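Trainee: Provided herewith is a single structure, encoded as structure tokens, for subsequent inquiry.
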Amino acid sequence: MNFLNWYRLFIVFMCILISISVFFATAEITSIITLLAMVMLITFSAKLSRQNIESSIVIDNTAEVQSDINRYINNISIPIIMLDDQLRVIHYNHNALSLFSNLANNESNLSLIRATLNHNVVEIAREAASSIRELTLNNGVTVEMTAGKMYIDSFAMYCTVLSFQEITLLRKAQQARSDLVANASHELRTPVAAAKAIAETLEEGVNDELMRQDFQSRLVDEITRLESIIEGLLQLARLESGTEAMNVELLSPKELFEIAIERFNPLPKPLQKISLDSMAVSQIYGDKEQILEVITNLLDNALRVTPENGKITLTTIDGNNEVRFGISDQGPGIALIDHERIFERFYSGDLSRTNASNSGLGLAIARNILNLLGGRIWVENNSGQGTMMCFTLPTTEKK
């Protein structure tokens with residue numbers, strides 16, 4: 000029986016004692032009994048008050064501990080969720096909201112399954128094995144999750160603490176690196192195998208002089224292709240690491256197109272035409288040779304896919320603090336699903352726009368050059384036939 004119940008029984012007993020004294024005792028005895036009862040009543044009341052005060056201190060201390068826990072976990076940079084022994088949410092930090100929006104509802108006794116809507120999270124929390132587990136959440140985010148138990152004195156119970164480390168970008172980077180190795184190995188194997196076959200043929204001896212010259216020319220072509228792939232990979236590495244030197248200066252968009260056109264004279268297909276429609280009056284900031292490499296690559300692609308009697312149209316238009324360049328061809332076009340992926344290194348989803356001489360790195364290099372210069376690149380399908388490759392460059396110097 001707790002203290003309060005004993006206190007209530009004591010009050011009843013004192014009232015009975017005082018009533019009995021009134022009927023059976025003298026006035027003096029009645030007064031003594033009444034005084035004794037009052038003293039004991041005051042004593043019990045004091046004890047009860049002290050117990051109430053101590054209880055309030057415990058409550059206040061618990062609230063203070065909870066505040067300290069909230070303050071502590073909110074300073075942790077990764078998402079944290081604390082659960083009671085029934086796997087109900089008792090604490091979480093702000094970063095956890097970015098993964099589980101249901102926490103924002105602030106429901107009392109919110110279960111973990113309602114908070115996360117993910118059975119895998121619940122199973123890992125139930126095991127609480129303190130090991131790191133990787134899983135993908137409902138929103139597509141990949142995380143490393145850890146669950147462990149902790150005894151908290153103020154709650155007088157064990158709590159389960161969940162932590163989440165987002166690794167989506169890390170896994171994408173690892174996948175990209177794996178794809179690069181696989182694609183590079185494939186691209187390098189082709190010219191190496193061809194060069195080896197030609198060299199072995201020449202080693203065995205070729206009596207016909209014209210045939211020997213043809214083999215020698217093809218061998219040089221394959222070695223040149225191999226050299227182009229290796230140099231492209233090295234250039235991409237420099238661009239992505241930011242170590243590629245950029246000599247930024249003011250340049251005329253029209254003159255850049257004119258220089259690029261001159262590099263393709265005479266045209267590989269004599270009946271093809273290149274039309275230049277430069278409406279931009281602004282100058283742009285950039286590295287002349289790097290920009291010419293971008294234009295040359297895009298123009299080379301356009302000439303390759305445009306038929307014998309087709310036309311390539313080059314345009315420049317002034318924009319908001321930038322100039323938009325366009326290179327429009329009359330080729331087979333690019334499927335919408337490939338519009339983003341064509342800028343990945345070695346991507347060959349659109350085989351109709353590639354040939355053996357293409358290293359598969361040109362568009363990836365172009366995108367990285369433009370990113371460093373403060374521009375951007377994308378592709379649009381023409382309303383009739385073909386594709387327009389578009390990119391921008393700033394009219395103000397990048398800081």
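Numbering that gives the first Met the number 0 applies: residue 0 is where the sequence shown begins, and numbers increase by one. Backbone N, C-alpha and C define an ideal beta-carbon position, used for all residues, glycine too. What you are looking at is a predicted structure, and each value in this text was computed from that prediction instead of being measured.
Looking at ALA193: is its Cβ nearer than 7 Å to the Cβ of GLU165?
Mentor: In the sequence shown, residue 193 corresponds to position 194, counting from 1. In the sequence shown, residue 165 corresponds to position 166, counting from 1. No, they are not a contact pair.
Trainee: Could you give the distance in angstroms between the alpha-carbon of GLU261 and the alpha-carbon of ASP299?
Mentor: Position 262 of the sequence shown holds residue 261. Position 300 of the sequence shown holds residue 299. Distance between the alpha carbons of GLU261 and ASP299 is about 12 Å.
Trainee: Take the Cβ of THR223 as the centre, count every other Cβ of all protein chains shown within 10 Å, and call the residue buried at 16 or more, exposed below.
Mentor: Looking up residue 223 in the sequence shown gives position 224. Exposed: under 16 other Cβ atoms inside 10 Å.
Trainee: Please list the terminal residues of the continuous alpha helix (DSSP H) segment that includes PHE256.
Mentor: Translated into positions along the sequence shown, residue 256 becomes position 257. Note, PHE256: alpha helix (DSSP H), 252–262.
Trainee: With distance defined between alpha-carbon atoms, name the residue in ILE77, SER100, LYS148 nearest to ILE83.
Mentor: On the sequence shown, position 84 is the one that residue 83 refers to. Before going on, a small fix: residue 83 reads as Asp here, not Ile. The shortest C-alpha separation from ASP83 is found at LYS148.
Trainee: Could you tell me which residues DSSP pairs with VAL406 in its beta bridges?
Mentor: As displayed, the chain neither begins before 0 nor continues past 398, which places residue 406 out of reach and without an answer.
Trainee: Using the C-alpha atoms, what's the distance from ILE228 back to ASP178?
Mentor: Here residue 178 refers to the residue found at position 179 when the sequence shown is read from its first residue. Here residue 228 refers to the residue found at position 229 when the sequence shown is read from its first residue. If I take the Cα positions, the gap works out to 16 Å.
Trainee: Would you kindly work out how many angstroms separate the C-alpha atoms of PRO252 and TYR346, rounded to a whole number?
Mentor: Counting from one through the sequence shown, the residue named residue 252 turns up at place 253. Counting from one through the sequence shown, the residue named residue 346 turns up at place 347. PRO252 and TYR346: Cα-Cα distance of roughly 29 Å.
Trainee: Only counting the same chain, and skipping five residues up and downstream in sequence, which positions put a Cβ closer than 7 Å to that of PHE163?
Mentor: Here residue 163 refers to the residue found at position 164 when the sequence shown is read from its first residue. The answer, listed in chain order, is ILE77, PRO78, LEU98, VAL142, MET144.
Trainee: Grab the span of the beta strand (DSSP E) containing LYS272 for me, first residue to last.
Mentor: Numbered from its first residue, the sequence shown carries residue 272 at position 273. 272–277 is the extent of the beta strand (DSSP E) around LYS272.
Trainee: Does THR395 pass the burial test, meaning 16 or more other C-beta atoms within 10 Å, or should it be called exposed?
Mentor: By 1-based counting over the sequence shown, the position of residue 395 is 396. Exposed.
Trainee: Between the region 227–242 and the region 271–282, do at least 3 Cβ pairs fall closer than 8 Å?
Mentor: Not touching, per the Cβ criterion.
Trainee: Considering only C-alpha positions, which residue in the set ASN308, LEU302, LEU232 is nearest to ASN264?
Mentor: Counting from 1 along the sequence shown, the entry for residue 264 is found at position 265. Selected option, being the one with the closest Cα: LEU302.
Trainee: Going by beta carbon distance, what residues of the same chain come within less than 6 Å of GLN424, once the five residues before and after it are set aside?
Mentor: Since the first residue shown for the chain is 0 and the last is 398, residue 424 is missing from the structure and cannot be characterised.
Trainee: If you drop the 5 nearest sequence neighbours on each side, which residues of the same chain put their C-beta closer than 8 Å to that of ASN380?
Mentor: Here residue 380 refers to the residue found at position 381 when the sequence shown is read from its first residue. Excluding sequence neighbours, ASN380 sits near GLY332, ILE333, LEU335, THR386, MET387.
Trainee: Quick check: VAL322 and THR314, are their CB atoms within less than 7 Å of each other?
Mentor: By 1-based counting over the sequence shown, the position of residue 322 is 323. By 1-based counting over the sequence shown, the position of residue 314 is 315. Taking 7 Å as the Cβ cut-off, VAL322 and THR314 do not qualify as a contacting pair.
Trainee: With DSSP run on the structure shown, which of helix, strand or coil describes SER107?
Mentor: Along the sequence shown, read from residue 1 onward, the residue named residue 107 stands at position 108. SER107 falls in the coil class under three-state DSSP.
Trainee: From this set, LEU86, THR295, GLN282, which residue's C-alpha is nearest LEU250's C-alpha?
Mentor: Position 251 of the sequence shown, counting from 1, holds the residue named residue 250. With distances taken between Cα atoms, LEU250 lies closest to GLN282.
Trainee: Cα separation between HIS118 and ARG170?
Mentor: Position 119 of the sequence shown, counted from the first residue, corresponds to residue 118. Position 171 of the sequence shown, counted from the first residue, corresponds to residue 170. If you take the alpha carbons of HIS118 and ARG170, they lie about 22 Å apart.
Trainee: Taking only three categories from DSSP, how would you classify ASP481?
Mentor: Because residue 481 is not part of the residues shown, which for the chain are 0 to 398, the question remains open.
Trainee: Leaving aside the five residues before and after LEU270 along the sequence, list all residues of the same chain whose C-beta is less than 7 Å from its C-beta, in chain order.
Mentor: Working through the sequence shown from its first residue, we reach residue 270 at position 271. Same-chain partners within the cutoff: GLU307, ASN308.
Trainee: Which residues share a DSSP beta bridge with SER327?
Mentor: In the sequence shown, the residue the question calls residue 327 occupies position 328. Answer is THR312, MET387, bridged to SER327.
Trainee: Could you check where the beta strand (DSSP E) with LEU335 kicks off and where it finishes?
Mentor: Here residue 335 corresponds to residue number 336 of the sequence shown, with the count starting at 1. Where LEU335 is concerned, there is no enclosing beta strand (DSSP E), given that its DSSP letter is neither H nor E.
Trainee: Cβ atoms of THR159 and ALA124: under 7 Å apart, would you say?
Mentor: Indexing the sequence shown from 1 puts residue 124 at position 125. Indexing the sequence shown from 1 puts residue 159 at position 160. For ALA124 and THR159, yes; Cβs fall inside 7 Å.
Trainee: Under the DSSP definition of a beta bridge, which residues are partnered with LEU392?
Mentor: For the purposes of this step, residue 392 is taken as residue 393 along the sequence shown, with counting starting at 1. Bridge partners of LEU392: VAL322.
Trainee: Quick one: grab the DSSP three-state call for GLU165.
Mentor: Residue numbering aside, residue 165 sits at position 166 when the sequence shown is read from its first letter. Of the three classes helix, strand and coil, the one that applies to GLU165 here is strand, per DSSP.
Trainee: Helix, strand or coil, according to DSSP, for ASN92 in the structure here?
Mentor: Mapped onto the sequence shown, residue 92 falls at position 93. Three-state result, ASN92: coil.
Trainee: Taking just the CA atoms, how far does ILE341 sit from ARG217?
Mentor: Counting from one through the sequence shown, the residue named residue 217 turns up at place 218. Counting from one through the sequence shown, the residue named residue 341 turns up at place 342. Going by the C-alpha atoms only, they are around 28 Å apart.
Trainee: Can you tell me whether TYR157 is buried or exposed? The criterion is at least 16 other CB atoms within 10 Å of its CB, across all chains shown.
Mentor: Numbered from 1 along the sequence shown, position 158 holds the residue referred to as residue 157. With fewer than 16 Cβ atoms within 10 Å of its Cβ, TYR157 is classed as exposed.
Trainee: Rounding to the nearest angstrom, what Cα-Cα distance links ASN94 and ARG70 in this structure?
Mentor: Position 95 of the sequence shown, counting from 1, holds the residue named residue 94. Position 71 of the sequence shown, counting from 1, holds the residue named residue 70. Their backbone Cα atoms lie some 13 Å apart in a straight line.
Trainee: How is the alpha helix (DSSP H) around ARG366 delimited, first residue to last?
Mentor: Reading the sequence shown from its first residue, position 367 is the one you call residue 366. Start and end: 361–371.
Trainee: Between the alpha carbons of THR312 and ILE294, how many angstroms are there, rounded?
Mentor: To locate residue 312, count along the sequence shown from 1; it is residue 313. To locate residue 294, count along the sequence shown from 1; it is residue 295. Their backbone Cα atoms lie some 13 Å apart in a straight line.
Trainee: Can you find the residues in the same chain that come closer than 7 Å, C-beta to C-beta, to ASN246, ignoring five residues on each side of it along the sequence?
Mentor: The count along the sequence shown starts at 1 and reaches residue 246 at position 247. Only ASP286 meet the Cβ criterion.
Trainee: Look at the alpha carbon of LEU35 and the alpha carbon of ALA155, and state the distance between them as a whole number of angstroms.
Mentor: Stepping through the sequence shown from its first residue, residue 35 is reached at position 36. Stepping through the sequence shown from its first residue, residue 155 is reached at position 156. Any reading at LEU35 is ruled out, since the residue's pLDDT is 46, under 50, leaving its predicted position unreliable.
Trainee: Let me make sure I understand the geometry here. Which of ILE80, TYR284, ALA259, LEU233 has the alpha-carbon closest to that of ALA363?
Mentor: Residue mapping note: residue 363 aligns to position 364 of the sequence shown, counting from 1. The shortest C-alpha separation from ALA363 is found at LEU233.
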